[in-house]
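S.K.: Attaching a single structure in structure tokens format; questions to follow.
There are 2 protein chains.
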Amino acid sequence: MQLNDMLAYKVAMLSSDLSDSLATVYKPYGLTMPEWRVLATLGNATSLTSKHIAVATRLDKVKTSRALQQLASKQLIVRETNENDKRAINISLSAEGVRTYNTLTPLVAKWQTDRLENITDDEYHIFLKVINSLSQQK
Amino acid sequence: MQLNDMLAYKVAMLSSDLSDSLATVYKPYGLTMPEWRVLATLGNATSLTSKHIAVATRLDKVKTSRALQQLASKQLIVRETNENDKRAINISLSAEGVRTYNTLTPLVAKWQTDRLENITDDEYHIFLKVINSLSQQK
DNA sequence: CGAAAGTAGTTACAAATGAAACTAATTTGT
DNA sequence: ACAAATTAGTTTCATTTGTAACTACTTTCG
Chain Y
51 MQLNDMLAYK VAMLSSDLSD SLATVYKPYG LTMPEWRVLA TLGNATSLTS
101 KHIAVATRLD KVKTSRALQQ LASKQLIVRE TNENDKRAIN ISLSAEGVRT
151 YNTLTPLVAK WQTDRLENIT DDEYHIFLKV INSLSQQK
Chain V
51 MQLNDMLAYK VAMLSSDLSD SLATVYKPYG LTMPEWRVLA TLGNATSLTS
101 KHIAVATRLD KVKTSRALQQ LASKQLIVRE TNENDKRAIN ISLSAEGVRT
151 YNTLTPLVAK WQTDRLENIT DDEYHIFLKV INSLSQQK
């Protein structure tokens, strides 16, 4: 059994390749990977708490907190105390955050369709099915 | 476009799931992921230099160096100066390293077949084809 | 030949990360 | 009602990681 044939290794290599490649899309906008994930999550919502963002992005609460700090310092998000629960903070994109999101989303979509260019719909469908099947196990 | 639908995100989630899961197999033997990769690579060779190992495992030279230090301190590898090139070091598994490798290999193989239990050969074949296609792009 | 450039591997130091402790607010249970 | 436990989010500190500099040796080429 060769390392190259091992499932976990192959997927880890693919993951870091894809991650590095996608990073070339958002890095020019001064974002890190956690920041991009948070931005992408907020782009689909009106307002979320840090907790919600952490769950959606699968970042731990510390990474989420730090990403939010960075995004706030870049003025891409707005934070307001949640009046129902004063421990929590409602986070939403600022006007500039929305602009960045609207700029990046089509670039990321294009990146993805380019990547998938040589793969048929059937193949991709099966690929996703296998991913789901492998992910579901604990 | 939701984070959940993004290729890079899905693959990253799968990768960390698989990595964490596989780690439960080799962690009881006191190994970290880089150490396991090095061990797996050395198990298929008689003797390799640090450079060769770095290429095979896709670890950078610093991580490789550190993993080798750890494995040496655990007496799982033997290091001998390469007489043809005295900068390089020939590394091979010690008797105990071989024993650990021989113990772990079937456990890892079982882990992998268990993971793939619900996936047909055809599906897995296509999965690997898509992985290769996605990985090949720079 | 021998100076300059390149390579194998290690080390040192700065930056990123993770676990645990912490603050402040909320919920639970009596 | 209110003490104890829980939760949201941040901060601290120890560990891990990555980059760059370094040592030692080898190759290149004038």
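Listed in order, the protein sequences are those of chains Y and V. At position 25 of the first sequence the residue is numbered 75 (the numbering used here), and the sequence of numbers has no breaks. At position 41 of the second sequence the residue is numbered 91 (the numbering used here), and the sequence of numbers has no breaks. Virtual Cβ for every residue (Gly too), placed ideally from N, Cα, C. Please read all numbers here as calculations on a predicted model, not as lab measurements.
If you draw a straight line from the C-alpha of Asn182/Y to the C-alpha of Leu68/Y, how long is it?
M.R.: On the first sequence, residue 182/Y is found 132 positions in, with the first residue counted as 1. On the first sequence, residue 68/Y is found 18 positions in, with the first residue counted as 1. CA-CA distance, Asn182/Y to Leu68/Y, rounds to 18 Å.
S.K.: Is Met51/V near Ala90/Y, with beta carbons less than 9 Å apart?
M.R.: Residue numbering aside, residue 51/V sits at position 1 when the second sequence is read from its first letter. Residue numbering aside, residue 90/Y sits at position 40 when the first sequence is read from its first letter. It is a contact, given that the beta carbons lie within the stated cut-off.
S.K.: Using the Cα positions of Asn195/V and Asn54/V, report the straight-line distance between them to the nearest angstrom.
M.R.: There is simply no residue 195/V to check, as chain V begins at 51 and stops at 188 in what is shown.
S.K.: Quick one: what does DSSP say Glu173/V is sitting in, helix, strand or coil?
M.R.: Residue 173/V sits at position 123 when you count from the first residue of the second sequence. Helix, per DSSP.
S.K.: Taking the beta strand (DSSP E) that Arg200/V falls in, what are its first and last residues?
M.R.: The structure shown does not extend to residue 200/V, since chain V spans only 51 to 188, so no value can be given for it.
S.K.: Out of Glu85/V, Lys179/V, Val128/V and Phe177/V, state which residue places its alpha-carbon closest to the alpha-carbon of Thr114/V.
M.R.: Stepping through the second sequence from its first residue, residue 114/V is reached at position 64. Residue Glu85/V is the option with its Cα nearest to Thr114/V.
S.K.: Determine the extent of the beta strand (DSSP E) in which Ser142/Y is found, giving its start and end residues.
M.R.: Translated into positions along the first sequence, residue 142/Y becomes position 92. Start and end: Ile139 to Leu143.
S.K.: Taking 9 Å as the CB-CB limit, is Val112/Y close to chain V?
M.R.: Stepping through the first sequence from its first residue, residue 112/Y is reached at position 62. By this cut-off, Val112/Y is not an interface position.
S.K.: Output the distance between the C-alpha atoms of Arg112/V and Tyr151/V, rounded to the nearest integer angstrom.
M.R.: As a first step, residue 112/V is located in the second sequence; it is residue number 62 there, counting from the start. As a first step, residue 151/V is located in the second sequence; it is residue number 101 there, counting from the start. Looking at the sequence itself, residue 112/V is Val, so the reference to Arg does not match. Val112/V and Tyr151/V have their C-alpha atoms some 23 Å from each other.
S.K.: Return the chain-ordered list of same chain residues with a C-beta closer than 7 Å to the C-beta of Tyr174/Y, the five sequence neighbours on each side being excluded.
M.R.: Stepping through the first sequence from its first residue, residue 174/Y is reached at position 124. Taken in chain order, the residues that qualify are Leu166.
S.K.: Chain Y beta carbons: is any one of them nearer than 9 Å to that of Ile127/V?
M.R.: The count along the second sequence starts at 1 and reaches residue 127/V at position 77. Cβ-Cβ to chain Y under 9 Å: no for Ile127/V.
S.K.: Excluding the 5 residues flanking Asp110/Y on each side, which residues of the same chain have their C-beta closer than 6 Å to its C-beta?
M.R.: Here residue 110/Y corresponds to residue number 60 of the first sequence, with the count starting at 1. Hits under 6 Å: none found.
S.K.: Which value, in whole angstroms, describes the spacing of the CA atoms of Val158/Y and Arg87/Y?
M.R.: On the first sequence, residue 158/Y is found 108 positions in, with the first residue counted as 1. On the first sequence, residue 87/Y is found 37 positions in, with the first residue counted as 1. Those two C-alpha atoms are separated by around 12 Å.
S.K.: Which same chain residues end up closer than 7 Å to Thr131/Y when comparing Cβ atoms and leaving out the 5 residues on each side of it in sequence?
M.R.: Position 81 of the first sequence holds residue 131/Y. Once the five neighbours on either side are set aside, the close Cβ partners of Thr131/Y are Ile139.
S.K.: For the alpha helix (DSSP H) that Lys113/V lies in, which residues bound it at each end?
M.R.: Along the second sequence, one-based indexing puts residue 113/V at 63. Segment Lys111 to Ser123, the alpha helix (DSSP H) holding Lys113/V.
S.K.: Assuming Ser142/V and Ser97/V are in contact, meaning their beta carbons sit under 8 Å apart, how far apart are those beta carbons, in whole angstroms?
M.R.: In the second sequence, the residue the question calls residue 142/V occupies position 92. In the second sequence, the residue the question calls residue 97/V occupies position 47. About 4 Å; that satisfies the 8 Å criterion.
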